[in-house]
Amino acid sequence: MILRGAALALVAIAAAVAFTACQPRPLPEADSAAARLYVQRCGDCHRPYDPRSMTASMWETQVTLMDGKMREAGIAPLTDDERRAIMDYLTRNAGTQ
Numbered sequence: 035m036i037l038r039g040a041a042l043a044l045v046a047i048a049a050a051v052a053f054t055a056c057q058p059r060p061l062p063e064a065d066s067a068a069a070r071l072y073v074q075r076c077g078d079c080h081r082p083y084d085p086r087s088m089t090a091s092m093w094e095t096q097v098t099l100m101d102g103k104m105r106e107a108g109i110a111p112l113t114d115d116e117r118r119a120i121m122d123y124l125t126r127n128a129g130t131q
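Written as structure tokens, this is what we have:
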């Protein structure tokens, strides 16, 4: 009986941790102009990913790949100013691993 209670408690804790991990966190600097631009330009086709989900170098690669995908889809690519603002935002808030 004690083992069953411990097992149920462990399952409940694991479920709570998994649920919390799946909940999207608010974007950092959500009210900043750069975050709003990121959401506007990148969030039109897909949910805007949490900047902490990739490193700065990974974001550089991803944004470059998206430029090509935007062109293929007939979407205006990022202007130099938009790209700079978005990359500054993503780099500033990027994950470390």
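Residue numbers (my numbering): 35 to 131. Built from N, CA and C at the ideal position, the CB exists for glycine as well.
Residue i versus residue j: straight-line alpha-carbon distance, rounded
i    : j    : result
D114 : A68  : 14 Å
M92  : G108 : 24 Å
L112 : P60  : 24 Å
R70  : E116 : 11 Å
A64  : T130 : 20 Å
A119 : T125 : 10 Å
D101 : R86  : 21 Å
H80  : P62  : 18 Å
M104 : A110 : 7 Å
T95  : Q74  : 20 Å
T54  : D78  : Because T54 sits at a pLDDT of 40, beneath the cut-off of 50, its placement in the model cannot be relied upon, and the point is left open.
M121 : P58  : 21 Å
Nearest-angstrom Cβ-Cβ length linking residue i and residue j, presumed shorter than 8 Å
i    : j   : result
Y123 : Y72 : 6 Å
A128 : T98 : The pair is not a contact, with the Cβ atoms about 15 Å apart (cut-off 8 Å).
Unbroken alpha helix (DSSP H) run spanning residue i, endpoints
i    : result
A64  : Here A64 belongs to no alpha helix (DSSP H), and DSSP marks it neither H nor E.
L124 : 114-126
M100 : 90-106
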